[in-house]
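A short worksheet on the structure shown next.
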Amino acid sequence: MQPGMRFLLPLLLAASIVPCTDRVNAALFVEAGALEWRDALPPLPDGTKIAVLEGDPAKVGIYTIRLLVPANSSFEPHWHQSDERVTVLSGAMEVSTNSDPASARRLGPGGFHRNAARAPHSFFFAAETVLQITGVGPWTSYPVTPAPAGKSRGE
Numbered sequence: 000m001q002p003g004m005r006f007l008l009p010l011l012l013a014a015s016i017v018p019c020t021d022r023v024n025a026a027l028f029v030e031a032g033a034l035e036w037r038d039a040l041p042p043l044p045d046g047t048k049i050a051v052l053e054g055d056p057a058k059v060g061i062y063t064i065r066l067l068v069p070a071n072s073s074f075e076p077h078w079h080q081s082d083e084r085v086t087v088l089s090g091a092m093e094v095s096t097n098s099d100p101a102s103a104r105r106l107g108p109g110g111f112h113r114n115a116a117r118a119p120h121s122f123f124f125a126a127e128t129v130l131q132i133t134g135v136g137p138w139t140s141y142p143v144t145p146a147p148a149g150k151s152r153g154e
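Below is the structure:
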């Protein structure tokens, strides 16, 4: 992995972790009012907040987080090592899975999108939006940049 390619991991370290000591036998309940929202770090847009519902996104294993994204924000084109499942809880997002912004799909409350591993994608938020993201950690994100000649992305 090239230095500097992991660019979302620092925001996870600033996040609050909800402990679940016995993942096999224990139920986990998180009331919306009990979430600990913290400032997300760059490269996420200024004003973005993060709350961790379960797991530790910086470690191997399942995690679930929420992001509160301010209006008129975007996530630049990027990709992940593993699948990521995104549900819009409030607001709306435009999802682009290629370089043509005209091909973006709008998802409102209840909308769902699965980002396949290594599939480039980007988001735009016209209004304040809350997302819930579930995946298998560690949650890493890589900017979309041209791969060096003769190499595939992620090598």
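Take the sequence shown: its letter number 67 is residue 66 in numbering that gives the first Met the number 0, and every next letter is one higher.
Cβ coordinates follow ideal geometry from the N, Cα and C atoms, glycine included.
Check                                                                                                                                                                              : Outcome
Taking DSSP as the reference, what is the three-state secondary structure of Gly54?                                                                                                : coil
If you measure between the beta carbons of Ser212 and His79, is that distance less than 7 Å?                                                                                       : The displayed coordinates of the chain run from 0 to 154. Any statement about residue 212 would go beyond what the structure contains.
Please report the straight-line C-alpha distance between Pro137 and Leu52, rounded to a whole angstrom.                                                                            : 15 Å
Looking only at C-alpha atoms, which of Ala126, Pro119 and His112 sits nearest to Thr133?                                                                                          : His112
I need the boundaries of the beta strand (DSSP E) containing Val129, first residue and last residue.                                                                               : Thr128 to Gly136
What separation, rounded to the nearest whole angstrom, lies between the Cα atoms of Asp38 and Ala115?                                                                             : 27 Å
Which of the three DSSP states, helix, strand or coil, is assigned to Pro119?                                                                                                      : coil
Could you pull the DSSP bridge partners for Glu75 from this structure?                                                                                                             : Paired residue(s): none; Glu75 is not in a bridge.
Kindly list the residues whose CB is nearer than 6 Å to the CB of Leu67, restricted to its own chain and excluding five residues on each side of it in sequence; keep chain order. : Lys48 and Val129
Smallest Cα separation from Gly110: which of Ser95, Thr96, Gly90 and Thr86?                                                                                                        : Thr86
Going by the C-beta, is Glu53 closer than 6 Å to any heavy atom of the ligand COA?                                                                                                 : As far as ligands go, the structure on display features none, and thus does not contain the ligand COA.
Less than 6 Å between C-beta atoms, sequence neighbours within five positions excluded: which residues of the same chain meet that for Pro119?                                     : Pro76, Trp78 and Val143
With distances taken from CA atoms, which of Lys58, Pro42 and Arg65 is nearest Ala33?                                                                                              : Arg65
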